[in-house]
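Below: one structure, written as C-alpha cells.
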Amino acid sequence: MLIQIIYKITPICKNLFIQVLKLLWDNMDTYIIDSNCKYYGLDTDILMENSGRGVASEIEKRFGTKNKIAIFCGLGNNGGDGFVCARYLSKENRVTVYLIGDPVDIKEGAARLNWNLLTHLNIEKILLKDSSDIEKIRSDFEIYVDAIFGVGVKGTLRRPFSDVINRINEINGIKVSIDVSSPYFISNVVISLHTPKEGATAVIDIGIPKEFNNFTGPGYVNKLNFRASDSHKGDNGRVLIIGGSDEYHGAPIYSSIAASYLSDLVYVVSPNKCAKIIKSYSPDYIVYSTEKRNFVLEDVEYLKALSEKADSILVGVGMGRCKETIETVIEFMKSITCKKIVIDADGLFAVKGNLEILKKNDVCITPHLSEYRLLFGEHLTEENILINSEKYNIKIVAKGEIDLISDGKRIIKNFTGNAGMTTGGTGDILSGLITAFSNKGTILEAACAGTFLNGIAGDITSEEMGMNFRSSDMLQRIPEALKFCRKY
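3 is the number of the first residue of the sequence shown in the working numbering; add one for each residue after it.
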C-alpha cells in the first residue's frame, strides 16, 4: 500500500520509484525472463497478450482515445506485443500497423498467431519490406509506437530498420516504445514490461509471478551462450584454470573440458607431474606447468603473467592443501585486481580466514555445506548467505539439494540436479561452467547459468543411466544440455 501511495503522489516520486525498481532488478532482462517463464510453464501467448493489452491501456490512460496511431512492428516477440497492442487500441482509435519485413518471416508461435488475428480486424496494415517503402510512412499520426526490437539488440542496424527509425524520428508526434527503445529511436515514453528497463517512464504487470525473478532457468544459459556470426577465436572467452597437484589431476581436467564447451580458449596451469598427465588426456586445452610437485610462492609471478591472457580465472580445483600452496593462493589473490574469478574446492580452504582479499576482484565462490561452515563458521541459511555475500562483496553458490545463489541483494534458487551428482567431479564441472559463462555476462548471471546447466546435464545423464553414473558420463551430456536449453 505504501509503495502504491508513493507511486501516485507526483511524477517525481513515480520516476524515483521506477529507478529504485531498476536497481533491484538490474541483473534481469526480458530475454531471460521470457525464456525462464516458458520453461516453468508460463506460456509466451499469455505474456504477449498481457503485454499488448497493458501497453494499450497505458497509452489510452496517458493520451486518451480517438487518436490516429501508427504501430511499427518487427518480426519477433516485441513485434508480437505490438500486434496485440494494435488489436486493443483499434477499439477506440484509428490504428495502422507497419510491419518491417515480410510476414512469412514473423517468428513462429505467439507473434505469428497475433499477426494473423489482425487480418480479421479493421486495422490498416502496411508492409515495409525494404528501404524503397519508407515513403509509405505517413506524418499524419498523433502517436508513433515502437515495437521493433526488444532487449539485446545493440550496435549498428541494418536497412530498412535504420531507415524506418530515422524517418520516424524526423516526424512530429508522440513517440512511445514498448519495453525498451529500439536502437536510435527517440522516445517520449517507454512502457516497460514486468521490470523497468533503461529510460522507463512506466512499468506494467504482465502476470509473471514475482518468484520467477529468483529462479535460475534456461534464459541465463541461452543469453550467455550466444556467439556472434562474425566472432573470431578468443572473442567467446579465454579461461585460465589454476589447479591440480601431485595427488589430484582429475579435477582440473573436468573443469577444463566443461569450460571448453563454452569458451574459445582454455588454459590450464598445474605443477609439473600433474601437468604432464593433464596434457596427455585431451587436446582441447592448452597446458602450462610450474616446476615443483605442488604450487609454491615462487609461482605467483608466473601465475600472474598467465592471468593476463585470460578473461576469467578458476582457482582451486585439485590444488591440495599443503602450506605453500595455501600461501601461493593468498599471494596470487592479493597480486591481481578487477578479474572475474571463481574459487572452488581447495581454493576455498586456502582463503579461509582471508576473505577480505577477495574484494579486489569480481569473485564467485562455490561451497557445499561443510565448506560453507569452514569458511564462515556458521550454519548455511538464506539470511547468512545474503549477509556474507554483501559483507565480502562476493557471489556465493551454496551447493545443495536446492542450490542457493546470492549477490548480497537477493537469493536465486536452482532446482535442477539429482542425487546421482554426489559423485566426485560434478563440482569441478560446475566451476568450469561458471568460469566460462562469466566471459559473456556478469558473474551472477554466470553462476545462474552454470548451476542450471550443470543440473540439467546431470538430469539428462540420470534419465539415461539411472542414479549410478560417473562425472565423466555427465560431462559428455553438456552439449545435449545446451541443446535442451535452446528449446526455450
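Just so it is clear, CB atoms sit at the ideal spot from N, CA and C, and this is done for glycine as well.
Item	Value
Helix, strand or coil for Thr339? Go by DSSP, reduced to three states.	coil
Where are the beta strand (DSSP E) runs, 3 residues long or more, that stay fully inside the stretch 405–457, in chain order?	405–408 and 413–416
Quick one: what does DSSP say Ser372 is sitting in, helix, strand or coil?	helix
Is it the case that the Cβ atoms of Ile180 and Val302 are separated by a distance below 8 Å?	no
Just how far apart, CA to CA, sit Ile462 and Leu435?	17 Å
Taking the C-alpha atoms as reference points, what is the distance between Thr67 and Val97?	11 Å
Output yes or no for whether 8 Å exceeds the beta carbon distance between Val147 and Ala72.	yes
Could you tell me which of Ile315, Gly320 and Asp313 sits nearest to Arg295, measuring between CA atoms?	Gly320
For Gly443, which residues of its own chain have a beta-carbon under 7 Å away from its beta-carbon, when the five flanking residues on both sides are left out?	Lys225 and Leu226
Where does Leu316 fall in DSSP's three states?	strand
For the beta strand (DSSP E) that Arg55 lies in, which residues bound it at each end?	Per DSSP, Arg55 belongs to no beta strand (DSSP E); it is in the alpha helix (DSSP H), Thr46 to Phe65.
Alpha carbon to alpha carbon, how far is Pro481 from Asp135?	43 Å
Which complete beta strand (DSSP E) runs does the stretch 145–205 hold, if anything under 3 residues is left out?	145–149, 176–180 and 191–195
Grab me the residues of Thr12's own chain with a C-beta within less than 6 Å of its C-beta, minus the 5 sequence neighbours each way, in chain order.	Model confidence at Thr12 stands at a pLDDT of 45, short of 50, so the residue's coordinates are unreliable; what they give is reported in the following sentence. Closer than 6 Å at the Cβ level, and outside the excluded window around Thr12, lies no residue.
Quick one: any contact between the stretch 252–270 and the stretch 358–378, if contact means 3 or more CB pairs under 8 Å?	no
Taking the beta strand (DSSP E) that Arg96 falls in, what are its first and last residues?	Arg96 to Ile102
Between Ala253 and the rest of its own chain, which residues show a CB-CB distance below 8 Å, the 5 nearest in sequence each way excluded?	Gly245, Gly246, Val319, Gly320, Ala347, Gly427 and Asp430
Would you check if the stretch 399–414 and the stretch 322–335 touch, i.e. whether three or more CB-CB distances between them fall below 8 Å?	no
Run through DSSP, which three-state label would Ala459 get?	helix
Pull up the DSSP beta-bridge partners for Cys366, would you.	Val344 and Lys397
Suppose you measure from the CA of Val205 to the CA of Leu101; what does that come to, to the nearest Å?	25 Å
When you compare each of Lys397, Ser473 and Ile413 to Thr424 by their alpha carbons, which one comes out closest?	Ser473
Using the Cα positions of Asp47 and Leu115, report the straight-line distance between them to the nearest angstrom.	9 Å
How about Ser314 and Gly236: are their beta carbons less than 8 Å apart?	no
Whose CA, out of Tyr90, Gly152 and Ser133, lies closest to the CA of Asn124?	Tyr90
Are the beta-carbon atoms belonging to Thr339 and Lys362 less than 8 Å from one another?	yes
How do the stretch 378–398 and the stretch 267–277 stand: do at least 3 beta-carbon pairs fall below 8 Å, yes or no?	no
With burial defined as no fewer than 16 other Cβ atoms inside 10 Å of the residue's Cβ, what is the status of Leu25: buried or exposed?	Bear in mind that a pLDDT of 42 at Leu25, under 50, signals an unreliable position, so the model cannot answer this.
Measure the C-alpha to C-alpha separation of Ile279 and Lys199 and round it to an integer number of angstroms.	49 Å
What residue from Leu382, Lys411 and Ile445 has the CA that sits closest to Lys341's CA?	Ile445
Quick one: grab the DSSP three-state call for Ala277.	helix
Just tell me which of Glu213, Ile210 and Ser189 has its CA closest to the CA of Thr203.	Ser189
Anyone know if the C-beta pair for Thr453 and Asn416 falls short of 8 Å?	yes
Who are the Cβ neighbours of Asp132 in its own chain at under 7 Å, not counting the five residues just before and after it?	Pro162
According to the neighbour-count rule (16 or more other Cβ atoms, all chains shown, within 10 Å of its Cβ), is Gly322 buried or exposed?	buried
What separation, rounded to the nearest whole angstrom, lies between the Cα atoms of Asp207 and Arg55?	10 Å
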